[in-house]
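For the sequence shown, the numbering used here gives the first residue as 191, with consecutive numbering after it. We treat Cβ as the ideally placed atom computed from N, Cα and C, and that holds for glycine. Data block below; observations after.
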Amino acid sequence: MAETAYEGLAGAWSEDGRSEDCGFEGGGFEGGRSEDAAGVSAGAGGAPRRQPAREAAARTYARALPVVPVRARGLTIEDAAGRRYLDCASGAGTLALGHHHPIVLEAMRRVLDSETPLQVMGLTTPVEDAFVTELLRTLPPQLADHARVRFCRPGGTDPVDTAVALVRAATGRAPIVTPTGAHLCAAAEACCPSDAGEPPAGVVLEPVRSADGVLPVPDAWLRDLRRVTAERSVPLIADETETGVGRTGALWAVDHSGVTPDVLILSKAIGGSLPLAAVVHHEDLDGRRTGSDRRAVGAPGAGTFRGNQLALAAGAATLAHVREQRLAEHAAALGGRILSRLRGLAAEFACVGNVRGRGLMIGVELVSPDGAPDGAPDGAPSGGTRSDGIPSDSAPSDGNPPGGIPSVGSPPGTGSELALAVQRECLRRGLIVALTGPDRNVVRLLPPLIITEEQTSTILDRFADAVQTVDRRRGGHAPPHPAHAAR
């Protein structure tokens, strides 16, 4: 019989829905649990038993992290059993200010109290105007002075679809280049075809490729690509869905390189924890207008929920707070400290491969001590041309490594098994982390930008202890991986 979503988790969840042997201090939030929260907790204990029979197996976090959250504040989540966890998943990057930040809550309360329509499907409102004004303040000046903002459906691919439709309509061309590998030349050749053919309609890239294992694009490579695309009049599209709003140590990840793209794809954190997506583009791409024809191009992806007033208010408050409190600089400083400590683990434990990232967007690769680490963070993406303009993602949709969860008690061997084992041990210590990469062998840390020095130390201690436990279980303290021997 196939195992359920919660079987085989090494005792991390018991039959009655309570976590066991987590190895960290439990208890509620300061001030005790409210009556409402207590009521939710009482009814939530059986949720893990009910979920497999009610919801599709395609759920992601729940299949690897059997936590039933009932309260959350800042970096902390409290589950139905009253245990607390430090959240380093941050809703896959949506929670720039953590859970229930007072700035965000107050912005949403003002909208609710004002009786502003909650959904207006794109009509101009004071709330939307405030969001756009704040957004423009954060953009690179060369783009902000000529920017047009286009709201679209907040789904995962909808803003990409909107950006691709925009550049195709503006250029009259169809191919889209999506750099995904290790060399600039392939992307440059795609922009400058040797057969005298037309260049592509656009180039879409992520400044840090999160789904590929948290792989930052080198700044020099990005500057070279910007030069090539500008020479060939090819719009450069930066997908800042996960890297934006200070996550990488700059307001936008492209700021590190000094590059100004023609199009920015924005989602996740810009909604202040609520669904919101927008495409910001240079006014030259706004549409082909002749005479009295004022129709804009690239309309696909607009969607019903682009006028969510609560999300716009929460997003404006988040953008303003990140900018005013200089949280991007804070992320850069603490991110550097985290990377330094984690790279020390790579030098100490053979199962830790490459450690990479930028700001508070960090990936720790787990590798088989007898094999080579996969992924090459030193390289830059190579070019790939797709007719649909959408980058491919070979990662399993359920968030688990290929082949499912290894059996309880068996020592982890492959990189994906080691990463899953580290994730489990982190959970037992009250730390929530996510897995990413094509082989799901990279532990991803995305703490909110409000993380403190003390919380950083706690996270690093718990993570190091989890890695040590997994390394000991797999057979001892082997020498560092050959990739780190020279360090």
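(message) Let's see if you can read the secondary structure: which residues bound the alpha helix (DSSP H) around residue 511?
(response) 499-514
(message) With DSSP as the reference, identify every bridge partner of residue 335, one or two as the case may be.
(response) None; residue 335 has no bridge partner.
(request) Note down the Cα distance separating residue 418 from residue 425, rounded to an integer number of angstroms. (result) 10 Å
(message) Assuming residue 392 and residue 444 are in contact, meaning their beta carbons sit under 8 Å apart, how far apart are those beta carbons, in whole angstroms?
(response) That belief does not hold up - the Cβ atoms of residue 392 and residue 444 are roughly 15 Å apart, past 8 Å.
(message) Alpha carbons only, please: which of 654, 520, 532 is nearest the one belonging to residue 640?
(response) 520
(message) What does the alpha-carbon distance come out to for the pair residue 657 and residue 612?
(response) 6 Å
(request) Check whether the Cβ atoms of residue 618 and residue 625 lie closer than 8 Å to each other. (result) no
(request) Pick helix, strand or coil for residue 267, following the three-state DSSP scheme. (result) strand
(request) On a CA-only basis, which of 664, 547, 661 is nearest residue 397? Give me that one, please. (result) 547
(request) Determine the contact status of residue 605 and residue 558, defining contact as a CB-CB distance below 8 Å. (result) yes
(request) Would you tell me roughly how many angstroms separate the C-alpha atoms of residue 578 and residue 441, rounded to the nearest one? (result) For residue 578, the predicted structure reports a pLDDT of 34, less than 50, and the residue's modelled location is therefore unreliable. A value from the coordinates is still provided. Roughly 29 Å between the two C-alpha positions.
(request) Could you check what DSSP says for residue 293 in three-state terms: helix, strand or coil? (result) helix
(request) Have a look at residue 414 and residue 534 and give me their C-alpha separation to the nearest angstrom. (result) 32 Å
(message) Taking 8 Å as the limit between beta carbons, can you name the residues of its chain near residue 284, skipping five residues before and five after?
(response) 458, 459, 461, 463
(request) Would you mind stating whether residue 262 and residue 291 have Cβ atoms separated by less than 8 Å? (result) no
(message) Whole angstroms are fine: how far does the CA of residue 276 sit from the CA of residue 267?
(response) 6 Å
(message) I'd like to know whether the C-beta atoms of residue 512 and residue 394 end up nearer to each other than 8 Å.
(response) no
(request) Could you tell me the boundaries of the beta strand (DSSP E) in which residue 542 lies? (result) 542-548
(message) Give me, in chain order, the residues of the same chain whose beta-carbon lies closer than 6 Å to that of residue 472; leave out the 5 immediate sequence neighbours on both sides.
(response) 336, 452
(request) From the DSSP output, read off the bridge partner residues of residue 555. (result) 632
(request) Evaluate contact between the stretch 644-657 and the stretch 535-542, counting only Cβ atoms and requiring at least three cross-stretch pairs below 8 Å. (result) yes
(message) Buried or exposed, going by whether 16 or more other CB atoms sit within 10 Å of the CB of residue 332?
(response) exposed
(message) For residue 632, which residues in the same chain have their Cβ closer than 8 Å to its Cβ, ignoring the five residues on either side in sequence?
(response) 403, 404, 553, 554, 555, 556, 565, 609, 625, 626
(message) Output needed for residue 330: all residues of its chain with C-beta closer than 8 Å, excluding positions within five of it in sequence on either side, in chain order.
(response) 442, 444, 445, 450
(message) In the DSSP output, which residue or residues are listed as bridge partners for residue 472?
(response) 337
(request) Alpha carbon to alpha carbon, how far is residue 348 from residue 303? Give it in angstroms, no decimals. (result) 31 Å
(message) Quick check on DSSP: helix, strand or coil for residue 404?
(response) coil
(request) Under 6 Å Cβ to Cβ from residue 138, same chain only, skipping five residues before and after it: list those, please. (result) Residue 138 lies beyond the stretch modelled for the chain, which goes from 191 to 677, so this question has no answer here.
(request) Go ahead and pull the three-state DSSP assignment for residue 453. (result) strand
(request) Have a look at residue 622 and residue 659 and give me their C-alpha separation to the nearest angstrom. (result) 16 Å
(request) Please look up how many angstroms separate the CB atoms of residue 322 and residue 339, rounded, as I've assumed it's under 8 Å. (result) 5 Å
(request) For residue 422, write down the residues that DSSP places opposite it in a beta bridge. (result) Residue 422 pairs with nothing; no bridge assigned.
(message) Could you give the first and the last residue of the continuous alpha helix (DSSP H) run that contains residue 360?
(response) 348-361
(request) For residue 406, count neighbouring C-beta atoms within 10 Å of its own C-beta (all shown protein chains included) and say buried if the count is 16 or more, exposed if not. (result) buried
(request) Classify residue 392 as helix, strand or coil using the three-state DSSP reduction. (result) strand
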